[in-house]
Amino acid sequence: MATTSLLSAIGRRLEGKVALITGGARGIGESTAKVFANHGAKLVIADIEDELGHSLSESIGQTHCKYVHCDVTDESQVKNAVDNAVMSYGKLDIMFNNAGIIDPNNARIIDNEKSDFERVLSVNVTGVFLGIKHAAQAMIPARSGSIISTASISSYIGGVTPHAYTCSKHAVLGLTRNAAVELGQFGIRVNCLSPYAVATFQAMSLLGLDKEGLEKVSYSLANLKHVTLKAEDVANAALFLASDEARLEGKVALITGGASGIGECAAKVFAHHGAKLVIADIQDELGHSVCKSMGQANSEYVHCDVTDESQVKNAVDKAIKAFGKLDIMFNNAGIIGQYEPRIINNKKTDFEHALSVNLTGVFLGIKHAAQVMIPARSGSIISTASICSTIGGTTSHAYTCAKHAVVGLTRNTAVELGQFGIRVNCLSPFLVSTPASRKYLGFDDDGVEKVANSMANLKHVTLKAEDVANAALFLSSDEGRCVSGHNLVIDGGFTIVNPSFNVFQYQDQP
Numbered sequence: 001m002a003t004t005s006l007l008s009a010i011g012r013r014l015e016g017k018v019a020l021i022t023g024g025a026r027g028i029g030e031s032t033a034k035v036f037a038n039h040g041a042k043l044v045i046a047d048i049e050d051e052l053g054h055s056l057s058e059s060i061g062q063t064h065c066k067y068v069h070c071d072v073t074d075e076s077q078v079k080n081a082v083d084n085a086v087m088s089y090g091k092l093d094i095m096f097n098n099a100g101i102i103d104p105n106n107a108r109i110i111d112n113e114k115s116d117f118e119r120v121l122s123v124n125v126t127g128v129f130l131g132i133k134h135a136a137q138a139m140i141p142a143r144s145g146s147i148i149s150t151a152s153i154s155s156y157i158g159g160v161t162p163h164a165y166t167c168s169k170h171a172v173l174g175l176t177r178n179a180a181v182e183l184g185q186f187g188i189r190v191n192c193l194s195p196y197a198v199a200t201f202q203a204m205s206l207l208g209l210d211k212e213g214l215e216k217v218s219y220s221l222a223n224l225k226h227v228t229l230k231a232e233d234v235a236n237a238a239l240f241l242a243s244d245e246a247r248l249e250g251k252v253a254l255i256t257g258g259a260s261g262i263g264e265c266a267a268k269v270f271a272h273h274g275a276k277l278v279i280a281d282i283q284d285e286l287g288h289s290v291c292k293s294m295g296q297a298n299s300e301y302v303h304c305d306v307t308d309e310s311q312v313k314n315a316v317d318k319a320i321k322a323f324g325k326l327d328i329m330f331n332n333a334g335i336i337g338q339y340e341p342r343i344i345n346n347k348k349t350d351f352e353h354a355l356s357v358n359l360t361g362v363f364l365g366i367k368h369a370a371q372v373m374i375p376a377r378s379g380s381i382i383s384t385a386s387i388c389s390t391i392g393g394t395t396s397h398a399y400t401c402a403k404h405a406v407v408g409l410t411r412n413t414a415v416e417l418g419q420f421g422i423r424v425n426c427l428s429p430f431l432v433s434t435p436a437s438r439k440y441l442g443f444d445d446d447g448v449e450k451v452a453n454s455m456a457n458l459k460h461v462t463l464k465a466e467d468v469a470n471a472a473l474f475l476s477s478d479e480g481r482c483v484s485g486h487n488l489v490i491d492g493g494f495t496i497v498n499p500s501f502n503v504f505q506y507q508d509q510p
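First residue of the sequence shown? That's 1 in the UniProt record's numbering, and the numbers climb one at a time after it.
This is the structure we're talking about:
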């Protein structure tokens, strides 16, 4: 596929969508506004920096962008911003709660003032709460919408930022999870972004550094080398969460388990976005058929049992021989194995076979991909895990064990390979109708999807193999260039729900 620009390769992914961005006048908010507008969205920029906000709106084009003054600690102003979006464009599809502040950098808690602490919570937490509340008011009747909030790496580790900021970002993560459970029944997705240090005006002011100085500090601390996180990277992550999918011209990808199911979908999506492909599988007839459908000038098939190291190495070598390099390794081959709920009835041979395919196969894929990516100082390695990598009681002991281990291996190799600019991530999908899941459950495609929908937290949408493929596309592309060591869970909020507490079900759904 010959394309001359990223945009032409991926299309305008927010065409016809309406987005409201708080804190949109500069920094991450400004970058996101420009990315969203470039992808076809109509925008309302909400901020307290009126001059900057109006200037940004003018640069985007006032027929497609409005500015509204909005202090997110004032509920009437947040409501007014949402009302402005609906009045101007007829609806609200995307709410990006990005407004935030950092408290004075007093490291010792005994030196922190209550007023400073409360001010940070008011902007960073209550502001997000109000944004979610009033966005939900507009989205619930439409039975759809995407709400995104800016958190931080300090939402899950301590010792990085001042106490109030760290506390507030942990709170945003908690609120995101709770709101996702409640609003899923209306088809509304709720997520947050946790960026590493970005050279924004706010961060530079806090640290007393200019842009170059802050980026030097950020780079010196980073695990992933040869790349510097920019506001545009966070904006592209927001674009992925806001869009209905989530680009690969000149890239070469190897996909194990690529002849059917998620692997086949990923191959077709990758090819559509310009990648050259090697499909590795043990299903030779299906594999050749997939290559034929994509065009054999841009794809190759190789027989590969991922439990056999020589065959995995051969698949990697084939990619190099055919296309000169390897940019993307997608370790997708896997088996569900025998299901025996009682551990006392599980056979050692079945357990070992499941681990051999689902875990050792991933280990070999990462190992041999790394062998060719290290000299290139770049690459993206993705592995398929599962929702059972984060919770128990959904599948067999061996499968659950293997998928937890895939997440552990992903994190460990992300640390090792980051110094070479190689990103390592995994995907954890909810139940998807694939040949393996249909055989395992004894249902046809419709039956599997009915089971999945009955258990799902996010309603009015059914997870498809294409959705997982699009998540792999994001992690493979330059849009995900600063994402590494991450387990991207694609489950509509299923794994954050405790079904024992039915506290968010509306008796009379509006």
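Even glycine gets a Cβ: it sits at the ideal position worked out from N, Cα and C. Just so you know, these numbers come straight off a predicted model, no measurement behind them.
What residue does the beta strand (DSSP E) around arginine 423 start on, and which one ends it?
Per DSSP, arginine 423 belongs to the beta strand (DSSP E) from 422-429.
In the DSSP assignment, the alpha helix (DSSP H) including arginine 342 goes from what residue to what residue?
Per DSSP, arginine 342 belongs to no alpha helix (DSSP H) and is neither H nor E.
Alpha helix (DSSP H) runs wholly inside the segment 16-104, at least 4 long, in chain order:
27-38, 50-60 and 75-89
Kindly indicate which three-state DSSP category alanine 456 falls into: helix, strand or coil?
Note: alanine 456 maps to coil in three-state DSSP.
The segment 271-289 touching the segment 337-356, judged by at least three CB pairs closer than 8 Å
no
Would a C-beta distance cut-off of 8 Å place alanine 259 and leucine 277 closer than the cut-off?
no
Three-state secondary structure assigned by DSSP to glycine 379
strand
When you compare only the Cα positions, how much space is there between glutamine 338 and asparagine 487?
25 Å
In chain order, which alpha helix (DSSP H) runs of at least 4 residues are fully inside the segment 113-140?
114-121 and 127-139
Beta-bridge partners of residue 535, as assigned by DSSP:
There is simply no residue 535 to check, as the chain begins at 1 and stops at 510 in what is shown.
Using the Cα positions of leucine 458 and serine 154, report the straight-line distance between them to the nearest angstrom.
27 Å
Asparagine 106 versus Leu207, Asp444 and Ser383, residue with shortest Cα-Cα distance:
Leu207
Below 8 Å, how does it come out for the segment 161-174 and the segment 109-120: are there three or more Cβ pairs, yes or no?
As far as the Cβ criterion goes, the segment 161-174 touches the segment 109-120, which means the pair count is three or higher.
Taking the beta carbon of alanine 253 as the centre, do at least 16 other beta carbons fall within 10 Å, making it buried, or is it exposed?
buried
Look at the alpha carbon of residue 543 and the alpha carbon of proline 141, and state the distance between them as a whole number of angstroms.
Any answer about residue 543 is impossible in this case: the structure gives the chain only from 1 up to 510.
Is the distance from the Cβ of valine 357 to the Cβ of threonine 307 below 8 Å?
yes
Report the rounded CA-to-CA distance for isoleucine 391 versus glycine 23, giving the unit in angstroms.
So the two alpha carbons sit approximately 35 Å from each other.
Buried or exposed for valine 503, please, with buried defined as at least 16 other CB atoms from any protein chain shown within 10 angstroms of its CB.
exposed
Thinking C-beta only, is leucine 475 closer than 8 Å to serine 380?
yes
CA-CA distance, serine 76 and serine 299?
If you draw a straight line from the Cα of serine 76 to the Cα of serine 299, it comes to about 56 Å.
Cβ neighbours of arginine 13 in the same chain (closer than 6 Å, five flanking residues each side left out):
His39 and Ser243
With alanine 280 as the anchor, note down where its beta strand (DSSP E) starts and where it stops.
276-281
Should leucine 52 and alanine 25 be called a contact, given that it needs their Cβ atoms to be closer than 8 Å?
yes
Measure from the alpha carbon of glycine 100 to the alpha carbon of each residue in Ile109, Ser383 and Gly131, then state which is nearest.
Gly131
Near alanine 151, what residues of its chain come up, given a Cβ to Cβ distance below 6 Å and the 5 sequence neighbours on each side ignored?
Cβ within range, chain order: Lys169, Val172, Leu173, Cys192 and Ser194.
Taking the alpha helix (DSSP H) that phenylalanine 240 falls in, what are its first and last residues?
231-242
My output table needs one value for arginine 247: the three-state DSSP class, helix, strand or coil.
DSSP places arginine 247 in coil when its eight states are reduced to three.
Counting pairs of beta carbons, one from the segment 260-273 and one from the segment 227-239, are three or more of them closer than 8 Å?
no
DSSP three-state assignment for residue 596, whether helix, strand or coil:
Missing from the structure shown is residue 596; the chain here goes from 1 to 510 and no further.
Consult DSSP for glycine 145 and reduce its assignment to one of helix, strand or coil.
strand
What does the alpha-carbon distance come out to for the pair arginine 143 and serine 88?
20 Å
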